[in-house]
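Trainee: Numbering (our numbering), first residue to last: 49 to 384.
Glycine is no exception: its CB is placed at the ideal position from the N, C-alpha and C atoms.
1. Is residue 118 close to chain C? Criterion is C-beta to C-beta, closer than 7 Å.
2. Tell me the DSSP secondary structure of residue 368 in three-state form.
3. Tell me the DSSP bridge mates of residue 265?
4. Do residue 272 and residue 45 come within 7 Å of each other at the CB atom, strictly closer than that value?
5. Does the segment 118–136 touch the segment 351–370, meaning 3 or more C-beta pairs lie closer than 8 Å?
6. Reducing DSSP to helix, strand and coil, say where residue 76 ends up.
7. Applying the criterion that 16 or more other CB atoms from any shown protein chain within 10 Å of the CB defines a buried residue, is residue 352 buried or exposed?
8. Name the residue from 341, 350, 324, 381 whose alpha carbon lies nearest to the alpha carbon of residue 361.
9. Assuming residue 188 and residue 156 form a contact by the criterion Cβ under 8 Å, report the distance between their Cβ atoms to the nearest whole angstrom.
10. Specify whether the segment 299–313 and the segment 231–246 touch according to this definition: at least 3 beta carbon pairs, one from each stretch, less than 8 Å apart.
11. Assign residue 215 to one of three DSSP states: helix, strand, or coil.
12. Is residue 270 helix, strand or coil when you go by DSSP?
13. Report yes if the CB atom of residue 138 is closer than 7 Å to the CB atom of residue 279, and no otherwise.
14. Just to confirm before moving on: does the CB-CB distance between residue 305 and residue 236 stay below 7 Å?
15. What is the rounded straight-line gap between the Cα of residue 128 and the Cα of residue 376?
16. So if DSSP puts residue 46 in a beta bridge, which residue, or which two residues, is it bridged to?
17. According to DSSP, what are the bridge partners of residue 304?
18. Run through DSSP, which three-state label would residue 254 get?
19. Given a cut-off of 7 Å on the beta-carbon distance, is the pair residue 147 and residue 194 in contact?
20. Where in the segment 160–210 do unbroken runs of the alpha helix (DSSP H), each at least 4 residues long, occur, reported from the N-terminal end onward?
21. Nearest to residue 140 by CA position, among 159, 115, 149, 174, is which residue?
22. Between residue 145 and residue 135, what straight-line distance do the alpha-carbon atoms span, to the nearest angstrom?
23. Going by the beta-carbon positions, is the gap between residue 178 and residue 208 smaller than 7 Å?
24. Output the distance between the C-alpha atoms of residue 348 and residue 339, rounded to the nearest integer angstrom.
25. Under 7 Å, do residue 283 and residue 158 count as touching if we go by C-beta distance?
26. If distances are taken between C-alpha atoms only, which option among 291, 373, 115 comes closest to residue 310?
27. Which partner residues of residue 227 appear in the DSSP bridge assignment?
28. I'd like to confirm the pairing. Which residues does DSSP put opposite residue 331 in its beta bridges?
29. Using alpha carbons as the reference points, say which of 312, 337, 359 lies closest to residue 199.
Set out below in structure tokens:
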């Protein structure tokens, strides 16, 4: 079966397992037995051949007392909350569980985080919630940036600058280890220097992996972040990976630079898909009616390569933390 035939909603790629089960069609990717998006029939797919990737990692399901409901798609788990408060609680428990399990298993927790609204929800769910903040082992936590604006650290647009302020307000800035992008270097050098900084963390157990037989990407070593937190732009971009840009086809670098971003500032440094897709867990945080159009297009429009859809982790499914407003047009389409 071709990769094209396995597209469903947000991702493409071959399933890493044997399967004789039932698969949703692209336009029904939210219609599962456990949700209320619709009662349309499933479409049976042919038996899949054995494929080369490892089996899927078990999905981490948070246990909260919120009204968040779970919707399974082939390559994603959607955690749909009725409001921001429940979304923050759902995401917070998910985060603490992954962080705790990582430290328990390998002695450290590696996080890559986007700026903007993602950083705001991270702050609300973890840094500004004493109970959850105290349950994270910050002294064994390493934080990296998914992307950075090419501005000085004291510029209001700096992702590192905003992260540093949030950590200082929470009182853990002296405990956690943060890896900023050195934006005082020339743009290209700043990107290569950050890739070097990431790959230099070889003393972290189960973080830097050597690929003896690279398949999809032409890289020899990759970071296996315990968790990558991503946002979603109204044009479908994530990190600083924008539609119709050359970086979407980058296969040799883990960190790259963009000179002509459609959003200001125009110069940016970002993790690439080879870095994003080897993560152990990937989560998107998408909130508000302003994201309803792009959520619907991601589900229905397979003619466009939206960068968010190209985030296709090899070893896990993506988790989407979304509210009812962001999913409103998807739900309306299913009800029709």
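Mentor: According to the structure data:
1. Within the model displayed, chain C is absent; a lone protein chain is all it includes.
2. strand
3. None, per the DSSP bridge assignment.
4. Because the chain here runs from 49 to 384, residue 45 falls outside it and cannot be looked at.
5. yes
6. Annotation note: pLDDT 35 at residue 76 (below 50); position unreliable, coordinate value reported separately. DSSP places residue 76 in helix when its eight states are reduced to three.
7. Classification of residue 352: exposed, given that the 10 Å Cβ count is below 16.
8. 324
9. The Cβ separation is near 5 Å, so the contact holds.
10. Judged by Cβ distances under 8 Å, the segment 299–313 makes contact with the segment 231–246, as three or more pairs qualify.
11. helix
12. strand
13. Not closer than 7 Å, so no.
14. yes
15. Taking the straight line joining both Cα atoms gives about 11 Å.
16. Only positions 49 to 384 of the chain appear in this structure, which leaves residue 46 out of reach.
17. DSSP, once it has assigned bridges, lists 318 as partnering residue 304.
18. coil
19. no
20. 164–170, 178–182
21. 174
22. 16 Å
23. The beta carbons of residue 178 and residue 208 sit no closer together than 7 Å.
24. 14 Å
25. Taking 7 Å as the Cβ cut-off, residue 283 and residue 158 do not qualify as a contacting pair.
26. 291
27. 192
28. 277, 367
29. 312
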